[in-house]
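Protein chains in written order, with this note's numbering: chain P, 47 to 262; chain H, 636 to 942. Cβ coordinates follow ideal geometry from the N, Cα and C atoms, glycine included. Quick caveat, the model's predicted, so the values are computed rather than measured.
Given below as structure tokens:
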């Protein structure tokens with residue numbers, strides 16, 4: 047499902063975030079990317095979601111060589127990947143429903159379909175009834191769950207999350223991880239970047255340790 | 636699928652209208668600037684059109700004088716006057732006989748004694764020919780002049796309405812100036828909308844990034860900005876229409892006074908429904924072009940980053 051072959055990434059400021067990374071995530075697998083801050087975890091996720099392109103090497107996601115994907119095909123590619131951020135990236139002036147509906151709206155889904163799927167996604171994250179609420183009126187944990195609902199609402203085959211529990215207390219962090227496990231159980235490939243080793247150990251899942259741009 | 640497509644556009648339109656309504660002061664400033672820019676050529680156009688209509692009134696004052704040769708008898712002059720009246724496009728023909736002309740000259744000039752010293756009447760009979768209003772244009776007038784000048788009894792034909800030709804030439808010049816200023820102001824409107832949309836794009840950068848992150852195309856992201864630009868143009872057009880109506884209401888008494896000095900009771904009619912349609916359509920199109928240019932330039936540069 048996700049393959050990195052001798053991948054390197056150097057940013058415009060000259061910083062080399064990744065050097066010669068090789069990794070493979072099988073379809074339906076859930077893995078953790080761990081490592082210190084600045085190790086290169088986020089860069090791996092950016093390369094998967096095509097927010098960045100590799101400087102060297104080859105990144106293949108769902109059979110697509112992302113380095114060669116034409117710009118006009120990027121939006122359709124991104125619709126196949128759900129992304130969860132530590133800072134949620136919610137639209138603060140839109141209610142929960144509109145935030146969660148965004149991936150379906152950009153995909154030109156019908157209004158009926160949007161209504162059905164948004165309610166289902168909110169149901170999954172335990173926020174049914176908060177459709178008309180603005181993000182600022184929610185707790186940090188609830189905002190994170192809105193972000194997750196938005197990432198899963200279009201049922202993408204791949205879900206990536208960058209430090210999704212970074213701002214959450216242990217109980218909320220555990221609830222969020224349970225959500226990811228549930229998604230994974232229905233066949234979604236999940237990649238979670240975290241520096242919370244306790245969560246990783248508790249999950250018993252494979253973790254890929256990145257250190258200074260290399261796989262340790 | 637088609638229903639969903641239109642629903643998306645309706646949603647983008649409503650979202651754009653909502654954005655404008657949520658910033659009423661900023662929206663009002665932009666709309667007023669656009670309204671004034673569009674009002675200027677519209678106002679000038681209304682004035683020029685009004686003046687053109689007014690000259691139809693003046694066409695009654697356009698006439699030509701055919702001076703007959705001194706040997707032509709009064710009976711022949713009357714015959715010629717009848718012939719001239721029968722020509723299509725001629726409204727009236729007045730014969731001023733040599734005797735009438737001399738009497739008039741005597742009464743008005745104060746040279747009565749000097750005229751008595753003359754052996755005979757040196758003045759010719761004159762036919763004053765006035766064309767119908769629809770034939771008072773330069774081409775028809777020239778045709779009529781050539782027709783009269785070709786008569787062997789006619790010594791000379793003098794056009795008495797040169798000032799109308801000059802007036803028409805001035806109106807033509809104004810029309811050219813109007814077109815040039817309309818073009819320049821249209822560019823100004825496009826620039827104003829483009830700059831406003833550029834700022835709007837900067838303000839909504841986070842929203843654009845998230846939209847692209849979840850798979851929104853440039854076209855999808857651009858859509859609400861295009862509607863915003865078109866709405867600015869639409870409101871600007873409406874403002875221009877209102878500005879010209881108010882301005883004309885203030886100007887019309889002075890225009891009526893000016894027309895009165897030319898013997899006309901003319902006042903300029905305000906912009907009509909077709910003007911409004913043109914303003915709304917043209918304004919929306921200019922707004923759309925301005926926003927498209929800004930969006931095409933600035934949206935492509937915004938790409939989501941994972942933070």
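With DSSP collapsed to three states, give me the class of residue i.
i, result
"residue 703/H", "strand"
"residue 881/H", "helix"
"residue 812/H", "helix"
"residue 793/H", "strand"
"residue 63/P", "strand"
"residue 605/H", "The question about residue 605/H has no answer, for chain H in this structure spans 636 to 942."
"residue 180/P", "coil"
"residue 206/P", "strand"
"residue 110/P", "strand"
"residue 138/P", "coil"
"residue 753/H", "coil"
"residue 116/P", "coil"
"residue 171/P", "coil"
"residue 76/P", "strand"
"residue 692/H", "A caution first: residue 692/H carries a pLDDT of 49, below 50, which makes its placement in the model too unreliable to give a value."
"residue 746/H", "coil"
"residue 727/H", "strand"
"residue 96/P", "coil"
"residue 770/H", "helix"
"residue 253/P", "strand"
Is it buried or exposed for residue i, if we count other Cβ within 10 angstroms and need 16 for buried?
i, result
"residue 333/P", "No answer is possible for residue 333/P: it lies beyond the span of chain P, which begins at 47 and ends at 262."
"residue 766/H", "buried"
"residue 760/H", "buried"
"residue 861/H", "buried"
"residue 705/H", "exposed"
"residue 771/H", "buried"
"residue 712/H", "buried"
"residue 78/P", "buried"
"residue 751/H", "exposed"
Using a Cβ-Cβ cut-off of 9 Å, state whether residue i counts as contacting chain H.
i, result
"residue 166/P", "no"
"residue 226/P", "no"
"residue 125/P", "yes"
"residue 149/P", "yes"
"residue 135/P", "yes"
"residue 97/P", "yes"
"residue 196/P", "yes"
"residue 53/P", "no"
"residue 142/P", "no"
"residue 23/P", "Here chain P covers residues 47 to 262 and nothing more, so residue 23/P does not appear."
"residue 129/P", "yes"
"residue 169/P", "no"
"residue 203/P", "no"
Verify the contact flag: residue i, CB atom, against every heavy atom of the ligand ADP, threshold strictly below 8 Å.
i, result
"residue 86/P", "Ligands displayed in this structure: none; no statement on the ligand ADP is therefore possible."
Compare the C-beta of residue i against all C-beta atoms of chain P and say whether one is closer than 9 Å.
i, result
"residue 646/H", "yes"
"residue 837/H", "no"
"residue 932/H", "no"
"residue 845/H", "yes"
"residue 860/H", "no"
"residue 652/H", "no"
"residue 640/H", "yes"
"residue 916/H", "no"
"residue 671/H", "no"
"residue 848/H", "yes"
"residue 643/H", "yes"
"residue 863/H", "no"
Whole-angstrom Cβ separation of residue i and residue j, contact assumed at under 8 Å?
i, j, result
"residue 63/P", "residue 206/P", "The Cβ separation is near 16 Å, so there is no contact."
"residue 784/H", "residue 921/H", "Their Cβ separation, rounded to whole angstroms, is 52 Å, which puts residue 784/H and residue 921/H out of contact at 8 Å."
"residue 655/H", "residue 877/H", "Their Cβ separation, rounded to whole angstroms, is 18 Å, which puts residue 655/H and residue 877/H out of contact at 8 Å."
"residue 758/H", "residue 736/H", "4 Å"
"residue 850/H", "residue 197/P", "In fact, because the Cβ distance is near 12 Å, the residues do not count as touching under 8 Å."
"residue 104/P", "residue 111/P", "6 Å"
"residue 728/H", "residue 716/H", "5 Å"
"residue 923/H", "residue 829/H", "That belief does not hold up - the Cβ atoms of residue 923/H and residue 829/H are roughly 11 Å apart, past 8 Å."
"residue 917/H", "residue 872/H", "7 Å"
"residue 255/P", "residue 80/P", "5 Å"
"residue 194/P", "residue 238/P", "About 11 Å; that fails the 8 Å criterion."
Check each candidate in the options and name the one with the smallest Cα separation from residue i.
i, options, result
"residue 913/H", "875/H, 723/H, 729/H", "875/H"
"residue 824/H", "674/H, 702/H, 651/H, 852/H", "674/H"
"residue 146/P", "177/P, 124/P, 157/P, 133/P", "177/P"
"residue 137/P", "52/P, 208/P, 182/P, 233/P", "182/P"
"residue 234/P", "55/P, 71/P, 211/P", "71/P"
"residue 773/H", "826/H, 686/H, 803/H, 835/H", "803/H"
"residue 208/P", "59/P, 114/P, 133/P", "133/P"
"residue 202/P", "130/P, 87/P, 58/P, 83/P", "130/P"
"residue 168/P", "158/P, 199/P, 113/P, 204/P", "199/P"
"residue 779/H", "657/H, 720/H, 730/H, 749/H", "720/H"
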